[in-house]
Amino acid sequence: MLGRITLGTASPRDLVALASSLRAVARVPDLLKDLLAPLVRALLKDLDPPLGVAEAVEVTLVESPPATLREGGFVRDGVDDELDDLRARSRGGRTTISTI
13 MLGRITLGTA SPRDLVALAS SLRAVARVPD LLKDLLAPLV RALLKDLDPP LGVAEAVEVT
73 LVESPPATLR EGGFVRDGVD DELDDLRARS RGGRTTISTI
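Note that the sequence shown ends on residue 112 in the working numbering; no numbers are left out.
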């Protein structure tokens, strides 16, 4: 997944999976808090997943995006005014054509 993200070939689903993985990593310290091994404690102390990335993905992309970029519809309404305007025009155009 990280390879596809780095190469710019990630799908919307890859990005949602990344956000989910980052949220899961953030829960690891709570799950392992009772372990007494010094190495585990040291590793957990330094664990700092980039939850800002997860949040950005979650507020930008729909919960269940399509598999490919080409399918469209993966950006939530309200994220970008220009995109919302284009969507409204597209929907309005379809309505106009169907009434003709």
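Backbone N, C-alpha and C define an ideal beta-carbon position, used for all residues, glycine too.
Given Phe86, which residues of its chain have a CB within under 7 Å of its CB, disregarding the five upstream and five downstream residues?
-> To locate residue 86, count along the sequence shown from 1; it is residue 74. Pro24, Leu73, Val74, Pro77 and Pro78.
Can you tell me the Cα-Cα spacing of Asp89 and Leu95, whole angstroms?
-> The count along the sequence shown starts at 1 and reaches residue 89 at position 77. The count along the sequence shown starts at 1 and reaches residue 95 at position 83. Cα-Cα distance, rounded: 8 Å.
Nearest to Ala38 by alpha carbon, out of Ala49, Pro62 and Gly20?
-> Looking up residue 38 in the sequence shown gives position 26. Per the Cα distances, Pro62.
Taking C-beta to C-beta, are Leu56 and Leu44 nearer than 8 Å?
-> On the sequence shown, residue 56 is found 44 positions in, with the first residue counted as 1. On the sequence shown, residue 44 is found 32 positions in, with the first residue counted as 1. In this structure, Leu44 lies closer than 8 Å to Leu56 by Cβ.
Environment of Leu19 [buried if 16+ CB atoms lie within 10 Å] = The residue labelled residue 19 in the question sits at position 7 within the sequence shown. Under this definition Leu19 is an exposed residue.
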